[in-house]
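See below for the structure under consideration.
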Amino acid sequence: MENNGIRQPMNKRQRFIRFMRIVAVTLVTLWLLVLMIASADTDDLWFSLMIVSALVIFFVTIPITGFWLYSFIKAVRRRTKTDKILLWFHIVDLLMCGAVIYFANQPTHKCDAFIMAQYCRGENAFWMRSTVAQYKNMLPDITELYVEIKNGTVPQSDILSERDLKELKRLLEDFCGCIGIDVNNYSNSSYSRLLFRRIGMGMYSFRFYDHPLSLEQQDSLNSKENLIVFNDSTVFEYGSGAFGSLDFPGKEEFLEKSKCHTEIIKAKGRDWYVNVKPGGFLGNHECISIMPNQSALDDSSCYKFYTDEIYYAVDSAGRLNIYAPYSSIKKPTKNDAVILIHELLDYDTNSKYRKNYSAMGLKRITTVSPNH
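Numbers in my numbering are just positions in the sequence shown, counted from 1, shifted up by 4.
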């Protein structure tokens with residue numbers, strides 16, 4: 005071996021240790037490279053599978069890890085030619101570890117119409133519309149405000165002060181879950197946009213229209229490949245940038261799954277049919293209907309809830325207990341003793357159930373596709 009410039013012969017043990025150091029560093033470097041690529045991937049399933057498989061391989065080869073640590077200590081303390089080469093590999097490994105941690109802590113880069121539909125409901129929807137209206141009203145006549153947050157920073161604006169920009173950034177990130185805004189006061193403008201997520205060159209955005217769209221307008225917008233009508237005043241938009249397909253990814257799947265579906269709940273030995281009609285399909289309003297038979301959708305025994313989700317549990321007496329926002333409830337003219345309605349009277353109570361229904365022993369019926 006080399007020591008102070010003098011080459012000395014190595015025994016078998018020293019040759020074996022050097023060989024194992026090289027093997028350990030090579031395998032760990034390859035493992036970290038795979039893990040870094042997986043952590044930067046936009047597909048959550050692919051990332052999860054890679055993490056699991058990588059961890060299995062990693063912990064099966066604990067001795068390799070031991071040799072890697074041993075090699076790192078030796079490479080730092082000694083100055084032979086082999087140690088200098090291995091030290092560079094160790095430095096690269098540490099940098100890749102940092103990259104894995106960085107990518108793992110980045111916000112999700114996945115987006116589709118189902119995710120947009122979930123964000124465009126309840127409290128989020130309120131803050132989105134409020135933010136758009138607030139900043140549109142701040143604009144002088146015939147002006148446009150376009151702001152996109154990049155890497156956590158907001159670009160300078162000739163229209164808004166630094167204080168206004170900080171407040172806009174707070175509203176967009178903390179309340180709307182968006183990365184930008186595009187509003188103007190042009191006479192021919194009929195909508196404003198919130199920029200939701202940028203995936204590569206593509207941008208997913210929400211359009212908020214100033215006035216409800218007619219059915220003809222909704223049909224016209226929905227026929228365009230890059231638009232999805234969510235309701236009579238909200239449209240999902242996809243911009244592919246300079247390259248790529250103009251089609252909204254997954255549009256057909258979203259429209260297909262946005263159609264009505266039926267579930268069955270058993271209470272007091274009877275079947276109660278639950279008809280779920282999602283909102284956001286050509287402007288239809290979301291509605292959850294509960295009825296004693298499938299043909300009772302619009303008769304005097306049908307319970308209707310005009311909201312995106314309700315919660316229920318069957319108690320020890322076999323009664324069906326339903327928890328829903330009081331303003332969404334439309335009771336039938338003929339109440340059934342099996343059904344007990346619990347009204348959620350205010351926003352805080354509704355939010356509490358929305359977040360903790362499972363811990364309360366309740367199940368959920370939602371207009372959002374269960375697969376997304």
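Glycine included, every Cβ here is placed at the ideal spot set by N, Cα and C. Keep in mind the model is a prediction, meaning the values are calculated, not measured.
The C-beta distance from THR33 to ASP97 rounds to 6 Å, short enough to meet the 8 Å contact threshold. For the pair PRO336 and LEU348, the CB atoms are not nearer than the 8 Å cut-off. Distance check between ARG22 and each of LEU175, CYS291, LYS88, MET40 places LYS88 closest, using alpha-carbon atoms only.
Less than 8 Å separates the beta-carbon of LEU36 from that of VAL104. Taken in chain order, the whole alpha helix (DSSP H) runs of length 4 or more contained in the stretch 197 to 230 are 219 to 226. If you compare the alpha carbons of ASN297, LYS114, ASN15 with that of GLY204, the shortest gap goes to LYS114.
Between the alpha carbons of VAL342 and ALA363 lies a distance of about 24 Å. The shortest CA-to-CA distance from ASP223 to any of VAL318, TYR208, PHE212, VAL239 is the one to VAL239. Membership of ILE153 in any alpha helix (DSSP H) is not indicated, and neither H nor E is assigned to it by DSSP.
Residue GLU229 holds the alpha-carbon nearest to the alpha-carbon of SER244 among TYR307, ARG133, GLU229.
By the criterion of at least three beta-carbon pairs nearer than 8 Å, the stretch 152 to 165 is not in contact with the stretch 266 to 284. When DSSP reads this structure, GLY243 sits in a beta bridge with MET207. CA-CA distance, TYR357 to ALA137, rounds to 29 Å. For LEU324, the closest C-alpha among the options TYR351, ILE294, SER304 is that of ILE294. In the DSSP secondary-structure assignment, HIS94 is not bridged to any residue. The stretch 121 to 134 makes contact with the stretch 178 to 194, as at least three CB pairs between them are under 8 Å. For ARG125, the secondary structure class from DSSP, reduced to helix, strand or coil, is coil. In the structure shown, GLY184 adopts extended strand secondary structure according to DSSP, grouped into three states. Residue environment: TYR208 is assigned as buried (16 or more neighbouring CB atoms within 10 Å of its CB, all protein chains considered). At a Cβ-Cβ threshold of 8 Å, ILE153 and ILE119 do not count as neighbours.
Counting other Cβ atoms within 10 Å of its Cβ, TYR195 reaches 16 or more and is therefore classed as buried.
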